[in-house]
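Here is the structure we will look at, set down as structure tokens.
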Amino acid sequence: MKFLKKFLEALTIPVILLIIWSILTFTGLIPSYILPNPYEVLIAFYNLLITGELFIHATSTLLRVVTGFLIATTIAIPLGVGIGWSKTLEILFNPIIQILRPIPPLAWVPFALLWFGLGLKAEAFIIFIGSFFPILLNSLDAVKGVEKVLIEAACTLGATESQVLTKVVLPASSPGILLGLRVGFGIGFMCTVAAEMIAAKSGLGYLIMEAMRLLDTGDVVVGMLTIGLIGFAIDYLLAKVEEKYIPWRGKTI
Amino acid sequence: MALKIEGLSKKFKDRPILKNINLEVEDGEFLCIVGPSGCGKTTLLRIIAGLEKPTTGRVLADDKLVKGPGADRGFVFQQYTLFPWRSVLENVTFGLELKGLEEDEREKIAIEYLKLVGLEDFKDAYPYELSGGMKQRVAIVRALANNPKFLLMDEPFAALDIQTRNLLQKELLYIWEKTNETIIFVTHNVDEAVFLADRIVVLSARPGRILEIFKVEIDRIRDRLSKEFLTLRGEILSILEKEVKLR
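The listed protein sequences correspond, in order, to chains F and U. Throughout the first sequence, residue numbering follows this note's numbering, covering 673 to 925 in sequence. Throughout the second sequence, residue numbering follows this note's numbering, covering 40 to 286 in sequence.
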């Protein structure tokens with residue numbers, strides 16, 4: 673009962689928006705080449721679904737995101753933890769990070785194409801750049817933010833430096849690291865679609881750009897909503913992981 | 040002598056914190072250190088633990104020079120320091136895990152110690168599910184499970200309400216008698232010191248030096264309202280009062 677109530681509450685705003693959208697479009701107040709009506713979107717969705725096109729584009733986007741994201745994760749977490757833990761590493765890496773960080777991932781598109789050509793590698797590279805910094809900086813911050821007294825407690829229990837790192841610093845910073853993964857994935861996902869609009873022959877971004885070229889606004893909306901739903905689903909999944917493995921997050925120690 | 044402090048001084052930058060501390064602690068002794076706030080008593084305890092280095096002088100624990108923290112000197116902090124990602128049991132087994140003991144073995148030991156403070160039923164709980172008093176009990180037991188030679192306690196009950204504090208003091212005496220630990224207990228609470236200690240070291244206002252050492256020869260469990268208790272308490276309090284006024 674409680675669940676149903678929450679579910680209905682969560683639906684309120686989307687339903688209101690759907691109604692406003694319907695009123696604006698079905699009455700002809702806004703022509704469909706500016707904004708398609710919900711029915712047109714449904715038809716477009718149906719067509720893209722049965723031809724399998726939507727599936728192909730969605731999987732090719734996802735493949736890129738996951739590839740770039742995983743590579744970013746495997747480099748950014750250890751590096752972030754290392755920089756957060758070691759003053760020397762911080763001094764070594766800090767300047768280059770500060771310089772590279774403000775460069776928008778899409779500014780890398782020319783080099784991505786020159787180095788890797790059109791295809792998965794170039795796309796994954798852009799996503800890598802997009803995910804890398806949020807994961808790195810969140811891991812770094814998380815490690816630096818570990819309560820000193822927890823480290824001291826471990827030392828008085830006989831922990832060596834490497835034991836402090838693996839048994840205290842890593843678990844203590846896991847909420848921050850996971851947050852970095854969520855943010856990193858979100859940004860990586862946004863980068864994919866943007867990059868696909870410029871440099872790809874498949875993917876949801878490509879689908880949207882192609883549809884726009886043909887003034888097929890229905891397909892554009894389907895592409896956008898698919899992106900939104902996939903992003904939502906993955907973030908939800910990561911939030912569930914957090915709930916399961918870090919039940920103590922946000923609680924006082 | 041179990042613990043020897045020789046000519047120990049500590050400065051932070053140019054500010055002297057501790058001045059020429061010489062002290063010996065016997066095996067199995069319960070020693071309390073009291074002093075006005077900011078007198079460096081916590082710093083002294085942290086130096087014994089190896090968490091800080093003395094500017095001059097040295098600490099010998101069991102004839103070994105203290106160079107850094109070690110499992111032979113367990114520490115209970117004033118703040119709550121349980122590892123929030125570990126259950127009560129996993130917190131208590133932490134030190135044993137570091138030593139490389141088998142899981143069965145360390146759990147057996149941990150349960151034994153948890154029973155000592157009546158928390159064996161909470162072994163699967165997480166720290167955030169415990170009250171302040173329970174957290175400090177677990178912290179004490181976590182240090183004890185390592186079987187340290189010394190138990191260093193830095194105002195461990197300061198954050199607790201008075202009933203819980205009094206209860207934990209009694210529990211601590213019980214634990215001390217059972218385990219024969221050598222305990223060095225820092226507190227600003229004179230009442231607590233008189234209730235617990237074999238000897239009480241009174242430190243001066245900063246820079247802290249030893250003003251006086253009292254031997255407490257009242258039978259335990261001590262009656263806080265007995266004449267001897269109140270006399271000693273009054274004596275120490277008047278020394279401390281003068282110290283604070285002098286500044």
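We treat Cβ as the ideally placed atom computed from N, Cα and C, and that holds for glycine. These numbers come from a predicted model, not from an experiment.
Grouping DSSP H, G and I as helix and E and B as strand, with all else coil, what is residue i?
| i | result |
| --- | --- |
| N130/U | helix |
| T745/F | helix |
| P93/U | coil |
| K58/U | strand |
| S704/F | coil |
| K923/F | coil |
| C78/U | coil |
| S48/U | strand |
| M869/F | helix |
| G113/U | strand |
| D143/U | helix |
| R854/F | helix |
| I715/F | helix |
| T221/U | strand |
| F196/U | coil |
| L264/U | coil |
| F904/F | helix |
| R259/U | coil |
| G67/U | coil |
| L42/U | strand |
| K103/U | strand |
| L887/F | coil |
| L242/U | strand |
Note down, in chain order, each residue of its chain lying with its Cβ closer than 6 angstroms to the Cβ of residue i, except the 5 sequence neighbours on either side.
| i | result |
| --- | --- |
| S84/U | Here residue 84/U turns out to be Leu, not Ser, going by the sequence shown. Once the five neighbours on either side are set aside, the close Cβ partners of L84/U are L191, D193 and V225. |
| E282/U | P75, S243 and A244 |
| G856/F | S803, P806 and I807 |
| K674/F | none |
| E68/U | T221 and D237 |
| V115/U | A178, I179, A182, M192 and P195 |
| F122/U | N130 |
| M40/U | E63 |
I think residue i touches residue j, with their Cβ atoms under 8 angstroms apart; what is that distance to the nearest whole Å?
| i | j | result |
| --- | --- | --- |
| P806/F | I747/F | About 13 angstroms; that fails the 8 angstroms criterion. |
| D230/U | R272/U | 6 angstroms |
| V240/U | L104/U | The Cβ separation is near 22 angstroms, so there is no contact. |
| L707/F | T697/F | 6 angstroms |
| V821/F | T120/U | 5 angstroms |
| I755/F | L812/F | 5 angstroms |
| L62/U | P246/U | Going by Cβ atoms, the distance from L62/U to P246/U rounds to 15 angstroms, so no, they are not a contact pair. |
| L851/F | N810/F | 5 angstroms |
| G134/U | A164/U | The pair is not a contact, with the Cβ atoms about 19 angstroms apart (cut-off 8 angstroms). |
| K106/U | L155/U | In fact, because the Cβ distance is near 31 angstroms, the residues do not count as touching under 8 angstroms. |
Buried or exposed for residue i, going by 16 or more other Cβ atoms inside 10 Å?
| i | result |
| --- | --- |
| P774/F | exposed |
| M173/U | buried |
| K262/U | Here residue 262/U is Asp; the residue named in the question, Lys, does not match the sequence. It counts as exposed. |
| K923/F | exposed |
| Q175/U | buried |
| P187/U | buried |
| L683/F | exposed |
| L47/U | buried |
| L909/F | exposed |
| P767/F | exposed |
| D891/F | buried |
| K92/U | exposed |
Nearest by alpha-carbon distance to residue i: which of the options is it?
| i | options | result |
| --- | --- | --- |
| D888/F | T699/F, V713/F, T697/F and S694/F | V713/F |
| A814/F | I749/F, L721/F and L790/F | I749/F |
| L876/F | V821/F, T864/F and L886/F | T864/F |
| P710/F | V687/F, F727/F and A796/F | V687/F |
| I799/F | G895/F, V781/F and P843/F | V781/F |
| S704/F | I902/F, T898/F and M884/F | M884/F |
| F268/U | E251/U, F253/U, L99/U and F234/U | F234/U |
| I849/F | I918/F, P777/F, K793/F and F788/F | I918/F |
| S732/F | A831/F, E795/F and K839/F | E795/F |
| S758/F | E681/F, R921/F, L734/F and E833/F | E833/F |
| P777/F | L785/F, I801/F and K793/F | I801/F |
| S845/F | V98/U, A88/U, I87/U and W124/U | W124/U |
| E45/U | P55/U, A100/U and R54/U | A100/U |
| L853/F | S694/F, V737/F, Y718/F and T699/F | V737/F |
| A744/F | F765/F, I722/F and F797/F | F797/F |
| E65/U | D102/U, L128/U and L264/U | D102/U |
Sorted by chain position, which residues of the same chain lie with C-beta nearer than 8 angstroms to residue i's C-beta, five sequence neighbours on each side aside?
| i | result |
| --- | --- |
| M881/F | E868 and M869 |
Spatial neighbours of residue i within its chain, please: CB distance less than 7 angstroms, with the 5 preceding and 5 following residues excluded, ordered by chain position.
| i | result |
| --- | --- |
| V131/U | A149, Y152, L153, V177, V180, R181 and A184 |
| L90/U | P108 |
| V836/F | I823, A826 and C827 |
| W215/U | F69 and I222 |
| A730/F | L876, T898 and I902 |
| R204/U | F196 |
Contacting positions in the segment 821-839 of chain F - beta carbon closer than 7 angstroms to chain C: Looking at the structure shown, chain C is missing, and the protein chains on hand are F and U.
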